[in-house]
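Start counting the sequence shown at 104; every next residue gets the next number (my numbering).
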Amino acid sequence: MSAISEELRTEQFVMSLRGVVPYVYEQAWQSVLDGTPLSRTALHRGPDGLLRRTLRPEARFRLQVVDWRATRAEVQDARLAERLAGESAAGLPLDRAPLMCATLIRRSDRDWTFAWRFARELMDRRAGLRILEEAADAYAVLLRGGIPRGTPVAALPGAASPGGPLAGLRTRGPVAR
Numbered sequence: 104m105s106a107i108s109e110e111l112r113t114e115q116f117v118m119s120l121r122g123v124v125p126y127v128y129e130q131a132w133q134s135v136l137d138g139t140p141l142s143r144t145a146l147h148r149g150p151d152g153l154l155r156r157t158l159r160p161e162a163r164f165r166l167q168v169v170d171w172r173a174t175r176a177e178v179q180d181a182r183l184a185e186r187l188a189g190e191s192a193a194g195l196p197l198d199r200a201p202l203m204c205a206t207l208i209r210r211s212d213r214d215w216t217f218a219w220r221f222a223r224e225l226m227d228r229r230a231g232l233r234i235l236e237e238a239a240d241a242y243a244v245l246l247r248g249g250i251p252r253g254t255p256v257a258a259l260p261g262a263a264s265p266g267g268p269l270a271g272l273r274t275r276g277p278v279a280r
């Protein structure tokens, strides 16, 4: 962990989803983040020791997808708690944009858990909720065969099957890291 990441606080959102198409979900997030400089922001320490924001020309949203269907529900819950604690302790790679990480965990044939963490220096909780809402809207547009606002045509996924709505949302407050 770098000295910079020790000074950052992170915000973590955990959502239950139903019937997600992972590639389409990742594309929805990318389309939302492409429309904002937040996704291209990285941090570095200047010669004076202060943190400086740097805008990269582009940044790719990386969604890690894991499959826990072969594991009992109570073991999945324990693994999720362990994973979230581990991510918080590990910090974020600050020199690489975007300053966030996301994991989509398949828990059953239809049920998924989405865990998203970002640097508080990037945005606050309210902005994070707005990004979540915009990503859900973009996902719905993609599933209907549309083009989300601000999406380059080359970034669009192929055919998608129908998915379900957001089933629930819970947040984990700021974590000092």
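For glycine and all other residues, C-beta sits at the position ideal for the given N, C-alpha and C.
Each of L166, R159, M226 was checked against the Cα of D198, and the nearest Cα belongs to R159. D214 sits in a strand when the DSSP states are folded into three classes.
Within 10 angstroms of the beta-carbon of S211 lie fewer than 16 other beta-carbons, which makes it exposed. A residue is called buried when at least 16 other Cβ atoms come within 10 angstroms of its Cβ; T174 does not meet this threshold and is exposed. Under the three-state reduction of DSSP output, I208 falls in the strand class.
Contact between L166 and P125 holds, since their C-beta atoms are separated by about 7 Å, short of 8 Å. With respect to R223, W215 sits apart: the two C-beta atoms are not nearer than 7 Å. With a beta-carbon spacing of about 13 Å, F116 and L207 fall beyond the 8 Å limit used to define contacts.
In the structure shown, A184 adopts helical secondary structure according to DSSP, grouped into three states.
Secondary structure at L166: strand, using DSSP grouped into helix, strand and coil. A181 counts as exposed, since fewer than 16 other beta carbons sit within 10 angstroms of its beta carbon. S134 is positioned such that its CB atom lies no closer than 7 Å to that of A162. Looking at E114, T139, A131, Q130, the one whose alpha-carbon comes closest to that of A200 is T139. In this structure, A238 places its C-beta atom within 7 Å of the C-beta atom of W132. Between F164 and L136, the CB-CB gap stays under 7 Å.
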